[in-house]
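Residue numbers (the working numbering), protein chains in the order written: chain S, 329 to 681; chain Y, 329 to 681; chain E, 329 to 681. Below: one structure, written as structure tokens.
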């Protein structure tokens, strides 16, 4: 069960080329995406209402798409624009989905179209402001539920173990995060730690590699699966401006209950024009996310099967607080939206802290 | 759920060689086929009654088949002809299925053997009369239910879109078919159109390629999945004999609910002795059916999952009339045979015509 | 449904190396095996109690194993030995399974640890006494339920058909076995036959290949799936010592309901120091078990699907007596252990004998 009245990241903008049809399942719905001749993107259910052929097996037609089986064509609003077999009756329509292009992403609204308000797209404007030599992105089709990916990011202590050789070091485990659930149903978690060690990957970027650092690390989670991450460090006691600062986004768009379209992009405040370093940076992140995170998330899902994590009564630790609170927000929104009960609430084990 | 008291096309006659065992699932039943030493074909359930080993993992034995596991052997009537471990008791038998060889096909009867009447095999005698240089055949294992294949053939307007470059042209869409359900539970649909264009593949076969043509196109459907197709065209106003004429069969034998053994063969009235042209003809048909039809049918099935098309409330068009009426006949026969209710009846949208 | 209070063969001892983690599913439970620094093997559930990550995706830590996701570590008793995120509370534990190393096999106890008594491991001491040049072993991951493998061994008449060219000959079919269910819930079946023919593979090992032989063949079955096989033959009327004698074990450890870890090993009384012959011997057995038995067992399982053989009402023969009686013992033990009803009892067809 997924939230519907949210904007989901569906494609990188530059992936949606003009002449091709782009099928992708979002939140269990098969959807076909295309750009019209003016470059405007459209999305409708990838299933002809006539005989349920996938429209993505057809072709672009005028500004819409034509079914390859019997020739019915539909525009981006889902209306029939060609019925070679008779008049166009009202039943000949296919569900259309609102789209917005922003921050290099095509966002899709899976719920009530009347409520589709572009302002609800999370602000990831830092992506737009980053020069191309300080920006990189990636996409990981992941065989794990979207909430497992959210759990992963909301507990960054995992970096100390899963990414020990590149993004870890122990500082996250030693930090005590502060967590804030905000009125707009986002959640902000921040780890601040002074006089600790910097993760190996960033060691070379500080002026005094042998001195301790002060670290700021935070995640702003949105219920649509978009998470904005900030990580920075400076030599202990020195101003933040003398250190390094990075902004990234990780976005978990549900494909099905147990599979996720995992988008991420990275930006930084240093070596802004260094294309070679940008390439190393992209490669290091890709390694961490695809070789370390993804297999672990998929392993977790295999152990869970079709069960929800919390229904399996995991032993919760204090470091799970942010993810548990985000899951509660998600369950509450889901309940409000669907009128159905979400998963039961679970408290971290008090004694385990 | 499939009809049982019908003859299903199971194999091409020339595929059933004498020494080998030939396993194939028909209507959910695993069956083993073989020829005895006199060349007579036999079929029994591919499951030893002793310990359920597949008999097809055994070997030919006398005029029957011997289980490879513990040596029990059965003849073509399903009777035990060897029990190395004791006397042959009545329980030691395996279900046998009546077979008939006709029209280059081995037909199998899946229902009550007492009702197996060879006269019920659809008359496809044109296959026998065609010279080898005007005959070609093909087989497509198709991951789609047999009724989707019937739907496809009973609405030949699809040729104008799915086969636009070879078998289309628009004439079928412009034609208005006549449909007749006959007392023998067959259905005949005919598209006649005058002064129209001929499909691209046949263009070179007419004396005046730039003149309009009169077209006759028809399908005779039988509840066992066999469909006889006739397509012909002649220069408008001229006798049929001056044009071209073709006869073909498409036969959809259910393997499981969502997979089908799709047999077809082609014959024609022109260039009867031209082996080179026959090869081009076979290749063109193979392309249309395997590269164009089969993927579309399988895409349709993926969208339907395990649901029946009509239960999904498709928007029906006038061109669906023949297939809907054939489905009704099928449902009625199924109900009569099984005593269970078939799928609900659905009317094409009157307003959509 | 499997017996739990038995010792299951889990690994060859020499497969469990010291530094690696060894995951394997036994009786539907994912389990991780490892050796500690003293070489002692351990086994715990392969699922971190925190977030259900597979522990096998982590690493060895002190004498235990550390989860690769958030760094929790557990020892071989399942107790938490490291929680980087807070105190070690009692809930932080993972189920441990008793292990015993014996007869070159690591045995695991899946039931109540208090009842884990090493004396209950079947005596396969002949494996320990065999010189390396008269010992060979093999492992077959088999997509068939463990009871099908037991059935196979308890009815050795199958050798006359399935292994006709190497281990058959017809003597087993002609023999009448004696069957004994013993007070310790084992079953002993013995085929004795005099003046018969020796299986082809052993022909060259007898002094008078053209003379008839007396054969002794037996299986001792244990409810944990371990079966001890003895096969020997001597020239008719001569003492056993002048003939050949072999001992082997076949052990069927359930992985899931329809898949089995199939272990076997072979020893013999002749050509004890002949490494070259030992290699031929190993190869002949591997051929028979992997090319002949395994595909047949998997074919049987395909025909059964998820159904139990006896529920499918097979026609039982006198040769099925041993396997049917073993299945009854198994069902009785299962019922006693779980308080649930086992499969219905079935009698071999009296008339078929």
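Idealized CB from N, CA, C, for every residue including glycine.
Put simply, the CB of residue 424 (chain S) is far from chain Y, with every gap to its CB atoms at 8 Å or more. Against chain Y, the beta carbon of residue 624 (chain E) has neighbours under 9 Å at 381, 382, 385, 396 and 397, listed in chain order. For residue 647 (chain S), at least one C-beta of chain E is nearer than 8 Å to its own C-beta.
Among the CB atoms of chain Y, one or more fall inside 8 Å of the CB of residue 643 (chain E). Within 10 angstroms of the beta-carbon of residue 621 (chain Y) lie 16 or more other beta-carbons, which makes it buried. Annotation: Cβ neighbours of residue 486 (chain S) in chain E (cutoff 7 Å, chain order): 397 and 398.
Rounded to whole angstroms, residue 419 (chain E) and residue 379 (chain S) show a C-alpha spacing of 55 Å.
Cα atoms of residue 468 (chain E) and residue 543 (chain S): separation of roughly 53 Å, rounded to the nearest angstrom.
Our two residues, residue 428 (chain Y) and residue 562 (chain Y), have alpha carbons roughly 37 Å apart in a direct line. Counting only runs of 4 or more residues that sit fully inside the stretch 479–516 of chain E, the alpha helix (DSSP H) segments are 487–490 and 499–502, in chain order. With the rule of 3 Cβ pairs closer than 8 Å, the stretch 539–559 of chain S counts as touching the stretch 649–661 of chain S.
Within chain Y, the residues whose beta carbon sits less than 7 Å from that of residue 501 (chain E) are 412 and 413, listed in sequence order. With contacts defined as CB atoms closer than 8 Å, residue 606 (chain Y) and residue 440 (chain Y) fail to qualify as a contacting pair. For residue 490 (chain S), the CB contacts under 7 Å within the same chain, skipping 5 residues up- and downstream, are 620, 621 and 624 in chain order. Every beta strand (DSSP E) of 3 residues or more that sits fully in the stretch 569–645 of chain E is shown, in chain order, as 572–584 and 587–596.
Per DSSP, residue 352 (chain Y) lies in no alpha helix (DSSP H); the unbroken beta strand (DSSP E) holding it starts and ends at 350–354. Residues of chain E whose Cβ lies closer than 7 Å to the Cβ of residue 628 (chain S) are, in chain order, 379, 380 and 381.
Only 358, 374 and 375 from the stretch 348–375 of chain E bring a Cβ to less than 9 Å from some Cβ of chain S. Taken through DSSP and simplified to helix, strand or coil, residue 534 (chain Y) comes out as coil.
A Cβ-Cβ distance of about 6 Å is found for the pair residue 337 (chain Y) and residue 435 (chain Y), placing them in contact under the 8 Å criterion.
Per the DSSP secondary-structure output, residue 463 (chain E) pairs in a beta bridge with E:595. Spatial neighbours of residue 341 (chain Y) in its own chain (CB-CB distance under 6 Å, excluding positions within 5 residues in sequence) are listed in chain order as 429, 432 and 434. Taking a cut-off of 8 Å for Cβ pairs, the stretch 359–370 of chain Y and the stretch 381–392 of chain Y touch, as three or more such pairs fall below it.
Membership of residue 525 (chain E) in any alpha helix (DSSP H) is not indicated, and neither H nor E is assigned to it by DSSP. In summary, no residue of the stretch 529–545 of chain E has a CB separated from any CB of chain Y by less than 7 Å. DSSP, reduced to helix, strand and coil, places residue 444 (chain E) outside both helices and strands of the structure shown, so it counts as coil. With fewer than 16 neighbouring CB atoms inside 10 Å of its own CB, residue 346 (chain Y) falls in the exposed class. For chain E, the residues of the stretch 416–442 of chain Y that bring a beta carbon within less than 7 Å of one of its beta carbons are 417, 419 and 420, in chain order. Close partners of residue 640 (chain S) in chain E (Cβ separation under 7 Å): 380.
Looking from the CA of residue 599 (chain Y), the closest CA among Y:583, Y:580 and Y:571 belongs to Y:571.
Taking 8 Å as the cut-off, the Cβ atoms of residue 557 (chain E) and residue 449 (chain E) do not count as close. Per DSSP, residue 330 (chain Y) is not a residue of any beta strand (DSSP E), being assigned neither H nor E.
Judged by DSSP in its simplified three-state form, residue 660 (chain E) adopts helix. Residue 592 (chain S) has a beta carbon lying at 8 Å or more from every beta carbon in chain E. Using a Cβ distance threshold of 8 Å, residue 369 (chain E) and residue 360 (chain E) do not count as a contacting pair.
Residue 543 (chain S) is bridged by DSSP to S:521 and S:561.
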